[in-house]
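Student: This is the structure I have questions about; it appears just below.
Residue numbers (mature numbering (1 follows the signal peptide of the UniProt record, and there is no 0)): -16 to -1, 1 to 344.
Given below as structure tokens:
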């Protein structure tokens, strides 16, 4: 009987010991497992560190530095509030501007220009092939230019031909789509995606449109709808800027691709441009319909009759007589209530990246 009792007591003690150990393990497990709040805090700290790392990037940084930051951004951005996402997005634009900044002197600037002309000698344009075939020219470039050309295509870096024999470095427009867009609200995602698509290729070249009149019209209609769809978008001011710019070019064109020279009866007018304006005049749901209709009436009105309708100064600010070209543009601008996008002291470039960038 004593033996049975002792065995029972031992069993009880062992069981109590096991329960105690199990409870202690549970406590330790709870202590070791981070809470959701702690995990969020850790992620926020990681994102804060990314901002610090981004601000350290400059024209002496390496391609590996960009790659590391971009990989961390892809992980970090989805966990943040939109306000913080936008801060990082803007910081990334400034980061690339610093990374791609050229501090050329007169000698290296001329060398870069000469290397650019060498690239243009053979289609398709390929800086890396030119680097090998024109080694002497390549060796005359600044050390930074050599480095950037050697790493073109990596970390979203591109050497872009802008026309008129000019090249520049830029961040590829699809960067913001790949790194940020998926985690952003619908309006911001749509803005970046469209901008990346439109700016994959250049918009103008040598003072001329590099896209068709039909594409120009489609872009204007897209931004008009975007403005209506997202009136409170973070990008609303840039969407309006794009709409106004495309609208102006529809009716006036650019210096080397004008819609017309005289905008008068029995004079030359670009057939494709006219076709798009005629199309717009029938789009009753668009705000572009009315100016298109007024434009068609304007070009059908004799010059003498038009001159009586508009009260314009015949002399410019320097006291020189205005040309017919100047007068007809002023008449048409007054009629359509449009202003040239070039008439500004601080031009905002919306054709280089997936966001607009101040150039001053």
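For every residue, glycine included, the Cβ atom is placed at its ideal position computed from N, Cα and C.
These figures come from a predicted structure and were not determined experimentally.
Rounding to the nearest angstrom, what Cα-Cα distance links residue 80 and residue 41 in this structure?
Tutor: About 8 Å.
Student: Quick test of the definition: if touching needs 3 or more C-beta pairs under 8 Å, does the segment 154 to 166 touch the segment 174 to 183?
Tutor: yes
Student: So with Cβ pairs under 7 Å, would you call residue 60 a contact of chain B?
Tutor: This model lacks chain B altogether, as it is built from one protein chain only.
Student: Does the pairing of the segment 308 to 326 with the segment 224 to 238 give three or more beta-carbon distances under 8 Å?
Tutor: yes
Student: To the nearest angstrom, how far is the alpha carbon of residue 67 from that of residue 128?
Tutor: 34 Å
Student: Does residue 298 pass the burial test, meaning 16 or more other C-beta atoms within 10 Å, or should it be called exposed?
Tutor: Residue environment: residue 298 is assigned as exposed (fewer than 16 neighbouring CB atoms within 10 Å of its CB, all protein chains considered).
Student: Taking the alpha-carbon positions, what's the residue 83 to residue 89 distance?
Tutor: Each residue's CA atom was taken as its position, placing residue 83 and residue 89 some 18 Å apart.
Student: Kindly list the residues whose CB is nearer than 6 Å to the CB of residue 167, restricted to its own chain and excluding five residues on each side of it in sequence; keep chain order.
Tutor: 61 and 62
Student: Three-state secondary structure (DSSP) at residue 168?
Tutor: For residue 168, the secondary structure class from DSSP, reduced to helix, strand or coil, is coil.
Student: Within the same chain, show all residues whose beta-carbon is closer than 8 Å to that of residue 174, passing over the 5 residues directly before and after it, in chain order.
Tutor: Excluding residues up to 5 positions away in sequence, 210 and 214 lie with their Cβ nearer than 8 Å to the Cβ of residue 174 in the same chain.
Student: Quick check: what's the CA-CA separation for residue 304 versus residue 310?
Tutor: Spanning the two alpha carbons is a distance of roughly 12 Å.
Student: As a quick exercise: from 132, 336, 255 and 342, pick the residue whose alpha carbon is nearest that of residue 197.
Tutor: 255
Student: For the structure I just gave you, are there three or more beta carbon pairs, one from the segment 329 to 343 and one from the segment 264 to 274, closer than 8 Å?
Tutor: no
Student: Pop quiz: residue 185 and residue 271 are said to be a contact at Cβ under 8 Å. What is the actual Cβ separation, rounded to whole angstroms?
Tutor: That belief does not hold up - the Cβ atoms of residue 185 and residue 271 are roughly 27 Å apart, past 8 Å.
Student: Along the alpha helix (DSSP H) that carries residue 230, what are the first and last residues, could you check?
Tutor: 220 to 236
Student: Pick from 93, 283, 187 and 123: whose alpha carbon is nearest that of residue 245?
Tutor: 283
Student: For residue 147, name the three-state secondary structure that DSSP assigns.
Tutor: strand
Student: Out of 50, 339 and 71, state which residue places its alpha-carbon closest to the alpha-carbon of residue 139.
Tutor: 50
Student: Return the first residue and the last residue of the alpha helix (DSSP H) that residue 103 is part of.
Tutor: Per DSSP, residue 103 belongs to the alpha helix (DSSP H) from 90 to 104.
Student: Determine the contact status of residue 133 and residue 102, defining contact as a CB-CB distance below 7 Å.
Tutor: no
Student: Buried or exposed for residue 7, going by 16 or more other Cβ atoms inside 10 Å?
Tutor: For residue 7, the predicted structure reports a pLDDT of 48, less than 50, and the residue's modelled location is therefore unreliable. A value from the coordinates is still provided. Residue burial is scored here from C-beta neighbours: residue 7 has fewer than 16 other C-beta atoms within 10 angstroms and is therefore classed as exposed.
Student: What's the C-alpha gap between residue 276 and residue 48?
Tutor: 52 Å
Student: Apply the 10 Å Cβ neighbour rule to residue 330 and answer buried if 16 or more other Cβ atoms are within range, or exposed otherwise.
Tutor: exposed
Student: Between which two residues does the alpha helix (DSSP H) harbouring residue 275 extend?
Tutor: 273 to 284
Student: Quick one: what's residue 299 bridged to in DSSP?
Tutor: 305
Student: When DSSP builds the beta bridges, which residues end up paired with residue 242?
Tutor: DSSP lists 237 as partners of residue 242.
Student: Run the CB neighbour count on residue 165, radius 10 Å, all protein chains shown included, and call it buried at 16 or more, exposed below.
Tutor: buried
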